[in-house]
Every structure is written in structure tokens, then in C-alpha cells.
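Under the numbering used here, the residues of the sequence shown are numbered 2 to 504, in order. A short write-up of the structure that comes next.
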Amino acid sequence: MKAGQEFDVVVVGGGVGGVAAVRKLAAAGLAVALVEDRLAGGECHYFGCNPSKTLLRPIEVFNLAKAVPGVREVISAHGVDVAGVFAKRDAIIEHLSDQDRVASLRQAGVTVFHGFGRLSGQRTVRVAQGDDFEVLEARHAVVLATGTRPFIPQIPGLVQARPWTNRDLTTMTHVPPRALVVGGGVVSVEFATILTGLGSEVTLLVRGKTVLSNCEPEARALVARSLRSKGVKIHFGTELAAVARPVAGGPVTAAFNDQTVEVDEIVLAAGRCANTDGIGLETVGLPGGGSVCVNDHLQAVGVRGGWLYALGDTTGRARLSHISTYHGRLVAEIIAARASGRELSENELAAREAGNLAQVIYTEPQVVRVGRTESQARAEGFAVRTRTARYPEAVSHLALYRDGFDGWAKLVIDVPTNRLLGATFVGPEFSELAQAATLAVLAKVPTTLLRHAVAPHPTVNQVWDPLLAEESELARYLRPKAKGTREHTSESPCLSDPLDLGR
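Shown next as C-alpha cells:
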């Protein structure tokens, strides 16, 4: 055992949230240690968001070019250069090296320990480094930012078949000719989009009746229809029953619903688990193996003294990398304030992501979801009305962006206050609409005011215009609603022209 060291704060986990926390803590003048057993930068940077979006972007641009007259004629005989795509991906993930990142952290004043960190009682972290270990003492706080890992279902033959997880897909060096993707959530539909865009024959197994079950029904249907149009075979109400790979590296046989398919790789995207096994939660009176419950100051509930914090995926509040970064910055401010002797009120520096979460699903079309869906708002007791619009019918100039433009949007509005509770946008290049909607939801801007934020012409941001055109207190006295829009005020969910999932 090496002699122990003392720091103001010890952060366990070097993902985006942990890195954001230590940088801000060091900038505040606190002595801070970061413990990471793999790569500083975490899952998002090396095996998640960054590489997956790097793989998706060329596919998206190529398909857009094929839909633009004057460009399609030039590229029609070509396809995506897979080798070039992989080369760009490798550069983005720094060839799986954190050397520069660690150097940058150390230059910022952070002490970095490469090893497995676990709690060992109050304000104490034990760092295993090979056969040796070191004990770190925290004067003010310990922050758990250990993230998540892929969930591996208990299915006969699955482990032996060596299925791909996000780590394998985002760092792949070859494209499997045939792939079976297991899951119906965000990751699975993005993986299906990547694989089919790079030339795989893709089969998607979905346990439920729809993909993207937490999204608006119209968004689910548009994504499912698009995947099928690209040749993806989708099986709903299906669970993987058994897997066999007789020869290592050879074809895989997968059984489900009394049928079998042979593929070259099985890709798992069936959820994730908190990385809290073996990190010593039991030494401070907390159960291990699940998410760490925290209050709005991100302090672990059930630990006396308020010295233990958790953030991001570790808390289970929202498994999104941008929320982890937000938590990291916020927890650093909270700890720094308390370390200086300041007592915080309940609402000071409280985490406020609930109710205004923003998420982008990088399929074709893209899906932007902010705040609550209609069904979620009703379940929480809100009296809501909705505005919906289809594109390009409601905004004709969107057709100039590409042939076959297909989009849809929905606003969920609180009836008594006219506040925007949620928004969903589905369409090409719609990802950049997220921030405006997030600001509107967070700031509780009434739609009667939001309608005066006029988007420049001709831009994609004008998708807002038909949704807000009738948001006036005098709307009943004005002309009929804009073409392509609908309003619903019923107390039960009312869908506008729901799309057929079977198409």
C-alpha cells in the first residue's frame, strides 16, 4: 500500500461528467483528484456519442446529397467511403488514447490516478493499481461518476457468441454484411441507421410494439417507416430466445418467435446498468448494484454529513451525456460553495433538468424531443392542448432543402398558463431546433409571447411559425388556422393522423 494522500475532493469516474467536475473544481482553487480505471473522457467520447455521430454524419450527408437535384447526378454512381469514415472516427476518438486529455487535466491542476476506485468508509477512496493500492482522503467531498455499462440479457448461447455492444460497433474496423440489432430504443435505431447506411443487411428485434416507446406516436412511426424504406427488417413483439456461434468469428444463428436467422454479428442495444458493483457503497450504508439516489443538490440520499455526491448516469436521473456534463459543472459549484463555508438554500444551485430534458435521436429523419410528451403531461395531471404540423405542407420553402422532405412537429401546451410543456420535432436537419425549445420550456415562456420570436426566412427554424401562428389571446376572432396545422384540446390523448407502423 502506498502512503495515503489528502485532497479537497475526490471524483471517481472520468467520463464527461467527472471531467467537467474536476476542471471546475480545480479552477475554483480546490485540490482535486480524478480516479479512472480506463480512459479519461469516458464512454461518450470513446465508445458512445462522439464516434457514433461521426459514423452517422457521412451517411446523413450522402443521403441528403442524393436528394438534392444538381448534386445527386454527380454522386449517384458512388457510395460512402467506409475507410474514410473509419479514419475520421479514429481521429475523433484519438485512436483510443487519453494521453493528451490526461496531460490537459494535469495542466489544469487535477491529479489523475489510473486505477479502480472504491469507497472505503467516510470520505475515503481506495484506488487499486495492479497488485498495489493507494488510499485517498477527501476533506470536503467524494463524487461518484462511474457511469453505466451495457445490459447483457441471460439468453442461452449469447455470451459464448461474443455479441457486439456499443464499444464494438463504434470502434468496428469492418462492416458486417448481415447484422441483428437487439432493442427498440434510441441506441438500437441509431445503430440500425449506421449499419444499413454503411451497407449491412439489418434485422431489428423489438420486444415491444413500437420503437422509441418514450416518444410521441407519430415520431415512432416516422422512424420505423424510414428504417423499413432503407431495407431494415423490423420484428415487433419479439424476444431473442437462443443464440449459437459454432465457429469463433463465423456466422451466428439467432432464434426468436419460432424462426431463426443467420447473421454475421449480433449487436446488443437493450439497455444499460449502473456501474456501481464493487465500488464500496455498502461501506457507507448504501445498497450496491443500482443507481445512487440523490437529491437536487446531487447528494447521495441516506449518507450522513452530505459529503457523498453522484452525478449523471450513476444517478439514473437522465442517462444523457449532456446531462452528465451539466451535473458535473453543477456539483462542482455546490461543493466549492460549501467548502467556502456557504450554506445553500434548498433551491440554490438545485439541478433543474427534470421537465426540460432535451434529446436528439440521430436517425433519418432526426427526432428532437424536449420536455414532456402529451401522454406524460396528462399523466402528471396537466390540462393540455397540442399544436401539430406536417412539413413541408405547413412551411412550403422547406422543400428547397431536399426532395422528399418529410417532417412533423408537436407542441404540448398547458391550458391555464399557455406555457410550453414539451415539443417534438421530426425531420431532416432538425437537431438544431432543440435549444430554442429547451429555453422556452425552462423559462416557462407562454406561447402567446413565444409567437413573437420570428424566425428568419428561409430557415429550418420556421417550423415553429405554423405551430405558433394561432397562439394569440384573440385567436378565436382571427382567421382560420394555418395550412397543415391542427389543435387538440381534449382531455384524453388525441393523435393527428397517426401513421401506420406497418407501412
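Every residue, glycine too, gets a C-beta built ideally from N, C-alpha and C.
| Asked | Found |
| --- | --- |
| Just verifying my parser: in three-state terms, what is the DSSP assignment at T449? | helix |
| Relative to the C-alpha of E135, which candidate in A34, A410, E365 and E217 has its C-alpha closest? | A34 |
| What three-state label does DSSP hand T166 in the structure shown? | coil |
| Which value, in whole angstroms, describes the spacing of the CA atoms of Q123 and R163? | 40 angstroms |
| Indicate the three-state DSSP secondary structure (helix, strand or coil) for G423 in the structure shown. | strand |
| Assuming contact is defined by CB atoms lying nearer than 8 angstroms, are T418 and C216 in contact in what I supplied? | no |
| How would you call I76, buried or exposed, if buried means at least 16 neighbouring beta carbons within 10 angstroms? | exposed |
| From L269, A390 and G148, pick the residue whose C-alpha is nearest to that of L205; which is it? | L269 |
| Roughly how many whole angstroms lie between the Cα atoms of L345 and A444? | 22 angstroms |
| Go through its chain and collect everything with a Cβ distance to A245's Cβ below 6 angstroms, but skip five positions before and after it. | G158 and T254 |
| Which full runs of the beta strand (DSSP E) of 3+ residues lie inside the region 63-97, going along the chain? | none |
| Taking its Cβ as the centre, do 16 or more other Cβ atoms sit within 10 Å of D278, making it buried, or is it exposed? | exposed |
| R119 lies in the beta strand (DSSP E); which residues open and close that run? | F117 to L120 |
| Would you call the CB atoms of H398 and P459 closer than 8 angstroms? | yes |
| Does the ligand SAH have a heavy atom nearer than 7 angstroms to the CB of N462? | Within the structure as shown, the ligand SAH is missing, as the structure has no ligands at all. |
| Taking the DSSP output, what are the residues bridged to L412? | R388 and A424 |
| Could you check how far apart the C-beta atoms of G317 and H328 are, in whole angstroms? I think they sit under 8 angstroms. | Actually they do not touch by this definition, with Cβ atoms about 12 angstroms apart. |
| Rounded C-beta distance between R119 and V126? I'm assuming under 8 angstroms. | 7 angstroms |
| Excluding the 5 residues preceding and the 5 following A21 in the sequence, name in chain order all residues of the same chain whose CB lies nearer than 7 angstroms to its CB. | T326, G329 and R330 |
| Inspect the CB distances between the region 184-200 and the region 221-240 and report whether three or more fall short of 8 angstroms. | yes |
| CB-CB under 8 angstroms to K67, same chain, minus the five flanking residues each way: which ones, in chain order? | R73, I76 and S77 |
| Compute the Euclidean distance between the alpha carbons of V10 and V207, then round it to the nearest angstrom. | 43 angstroms |
| With 16 other CB atoms within 10 Å as the buried threshold, where does A92 fall? | exposed |
| Taking Cβ positions, are A29 and A333 nearer each other than 8 angstroms? | yes |
| Quick one: grab the DSSP three-state call for R373. | coil |
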